[in-house]
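For reference, the structure discussed in these notes is given below.
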Amino acid sequence: MTHPGHPHIAWTGGELHVEQVRVAELARQYGTPLFIYSQAAMLAALAAYQRGFAGRRSKICYAMKANSSLAVLQVFARAGCGFDIVSGGELERVLAAGGKAADVIFSGVGKTRAEIARALEAGIGCFNVESEPELEVLDEVAAVMGRTAPVSIRVNPNVDPKTHPYISTGLKGNKFGIAHERTLHAYQRAAELPHLQVVGIDCHIGSQITESGPYLDAMDRVLDLVDAVEAAGVRLRHIDFGGGLGIDYRGDTPPAADALWAELLRKLDARGYGDRELMIEPGRSLVGNAGVCLTEVLYLKPGEQKNFCIVDAAMNDLPRPAMYEAWHGIEPVVAAAADASATLYDVVGPVCESGDWLGHERRLAVQPGELLAVLSAGAYCMSMASNYNTRGRAAEVLVDGDRAHLIREREKVSDLLRGERLLP
Ligand SMILES: *Cc1c(COP(=O)(O)O)cnc(C)c1O
1 MTHPGHPHIA WTGGELHVEQ VRVAELARQY GTPLFIYSQA AMLAALAAYQ RGFAGRRSKI
61 CYAMKANSSL AVLQVFARAG CGFDIVSGGE LERVLAAGGK AADVIFSGVG KTRAEIARAL
121 EAGIGCFNVE SEPELEVLDE VAAVMGRTAP VSIRVNPNVD PKTHPYISTG LKGNKFGIAH
181 ERTLHAYQRA AELPHLQVVG IDCHIGSQIT ESGPYLDAMD RVLDLVDAVE AAGVRLRHID
241 FGGGLGIDYR GDTPPAADAL WAELLRKLDA RGYGDRELMI EPGRSLVGNA GVCLTEVLYL
301 KPGEQKNFCI VDAAMNDLPR PAMYEAWHGI EPVVAAAADA SATLYDVVGP VCESGDWLGH
361 ERRLAVQPGE LLAVLSAGAY CMSMASNYNT RGRAAEVLVD GDRAHLIRER EKVSDLLRGE
421 RLLP
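FYI, full-length UniProt numbering numbers position 79 of the sequence shown as 79, with every residue one higher than the one before it.
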């Protein structure tokens, strides 16, 4: 059995391995909960995009909010990726991981003046502007610093990505981007402002998108705007189509990145924009299925209506089920014997919330002390982890072939208390 979509994460000889490493051994060494990532799986996911763009002028900017651990950024920086950031903190992470500021694009609806100033000082590649007032602030801050800010406008193409409402971003009711009808006006204003330089246009319609239709629709809408903006005399050097491609969590069948882009590039060529510099901002699809989270079974608690399998990972480590009712595969690290009797459990963590569950109604043959693997845990898990219930965040290991590197130590209680003050 393999992890969905990944030959690098598989049960070999009945036991889960990430590449050539037995994960049970890592749990023994570093404890649980423990995130384990396959570098080969990340690079394979990136390679699908690289194949899709072969022969084109293009830049892949990893949307690092999916997993912003320094060593993960380092893997993508070494592989030639740029980065899509959404905060000043993320910029510092890129720089600390050896990424180049010039390869950074800065998205987000609420950039502060301090974040803008720092990004200008570092020399980032582009600000993806999300409102008309942001254009004015960007111009003001750049003027004070004697700089010119490279800008792209994030347009809201008003297409339905057919995904969970919390992760759809390109509909009229969403807070993201500038409305399609206002875009031309915003570009005219940007072109007037003396400390801005228009460099591109961008969109991002949502996340965990599993069909190509919404991308094709968004591309048409964006290219209509490119036509209109350039007809008004504002030249757009690059076109950025955002991220959002889904992964297989539970038999989902998103198109492969190279197949999706073959389809999109046909449309782009047909509309005469095939030689433009292309940018994309994939997050989840680069890391999601490259990671697992190991957790130990603490207690089995049978009940009249439900049986609970209580594990040592919780909503603070793996927030997606609580936040989006998301589904993650949960499997024993050592495959159960064929004759073992399985029971239906709700797999829950120790946090004091009924929303603290990792999986409902899972058929498992497990005993306390055994290890479970939560699958598809590479994206939007560690980067969303919190210290709720004063729980330290988990450790992380990155596997490369037969080597395992600890890339984040488990947080200690002293780390959690640092910075707090008692009253005099
Ligand atoms: C979150 C985000 C992405 C990445 O989305 P994925 O679904 O993880 O690919 C890309 N661009 C922007 C602006 C984002 O906010």
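Each residue gets a CB set at the ideal place from its N, CA and C atoms; glycine is no exception.
These numbers were taken from a predicted model, which means no experiment stands behind them.
Pick from the options: whose alpha carbon is nearest that of residue i?
i: Glu277; options: Gly303, Phe241, Ala256; result: Phe241
i: Ile85; options: Phe127, Leu300, Ala27, Gln50; result: Phe127
i: Gly125; options: Ser212, Lys100, Val72; result: Lys100
i: Leu320; options: Ile310, Cys293, Glu331; result: One point to set straight first is that residue 320 is Arg, not Leu, in the sequence displayed. The shortest C-alpha separation from Arg320 is found at Cys293.
i: Glu192; options: Glu132, Pro214, Glu25; result: Glu132
i: Gln305; options: Ser69, Glu331, His360; result: His360
i: Glu211; options: Leu184, Tyr380, Val159, Ile239; result: Val159
i: Leu16; options: Ser107, Pro332, Arg418; result: Pro332
i: Leu371; options: Arg28, Glu19, Val18; result: Arg28
i: Ala365; options: Glu396, Thr343, Met315; result: Thr343
i: Asn289; options: Leu184, Glu420, Ile247; result: Ile247
i: Thr12; options: Arg421, Val334, Ala394; result: Val334
i: Ala142; options: Ala394, Leu196, Leu417, Lys172; result: Leu196
i: Ala218; options: His204, Arg393, Val229; result: His204
i: Asp317; options: Ala114, Val374, Leu417; result: Val374
i: Val23; options: Arg418, Val397, Gly177; result: Val397
Looking only at DSSP bridge pairs, what is residue i linked to?
i: Thr343; result: Leu364
i: His204; result: DSSP output for His204 lists no bridge partner at all.
i: Cys309; result: Leu300, Val347
i: Trp327; result: Bridge partners of Trp327: none, in fact.
i: Cys61; result: Gly82
i: residue 426; result: No statement about residue 426 is possible, as the shown extent of the chain runs from 1 to 424 and does not include it.
i: Glu281; result: None, per the DSSP bridge assignment.
i: Thr253; result: Answer is none; Thr253 lacks a bridge partner.
i: Phe106; result: Ile85, Phe127
i: Trp357; result: Val348
i: Cys293; result: Phe35, Val374
Over the uninterrupted alpha helix (DSSP H) stretch that includes residue i, give me the two end residues.
i: Ser414; result: 413-417
i: Pro214; result: 213-231
i: Ile116; result: 113-122
i: Val159; result: Where Val159 is concerned, there is no enclosing alpha helix (DSSP H), given that its DSSP letter is neither H nor E.
i: Glu132; result: 132-145
i: Thr169; result: Note, Thr169: premise wrong, no alpha helix (DSSP H); not H, not E.
Specify, as a first and last residue, the run of the beta strand (DSSP E) that residue i falls within.
i: Glu396; result: 395-400
i: Val151; result: 149-156
i: Thr12; result: 6-12
i: His238; result: 238-240
i: His17; result: 15-18
i: Ala40; result: No beta strand (DSSP E) holds Ala40; the alpha helix (DSSP H) holding it covers 39-52.
Would residue i pass as an interface residue toward chain D - the criterion being a Cβ-Cβ separation below 9 Å?
i: Gln39; result: Among the protein chains of the structure shown there is no chain D, as only one such chain exists.
Problem set entry | Segment contact, 8 Å Cβ cut-off, at least three pairs: the segment 140-154 with the segment 92-99 | no
Exercise. With contact counted as at least three CB pairs below 8 Å, one residue from each stretch, are the segment 58-65 and the segment 277-292 in contact?
Worked result: yes
Exercise. For the 8 Å Cβ check, are there 3 or more pairs between the segment 258-269 and the segment 39-51?
Worked result: yes
For this session: Taking 8 Å as the threshold, find out whether the segment 346-355 comes into contact with the segment 300-318 through three or more Cβ pairs.
Result: yes
Exercise. How about the segment 66-80 and the segment 378-393: do they share at least three Cβ pairs that are nearer than 8 Å?
Worked result: yes
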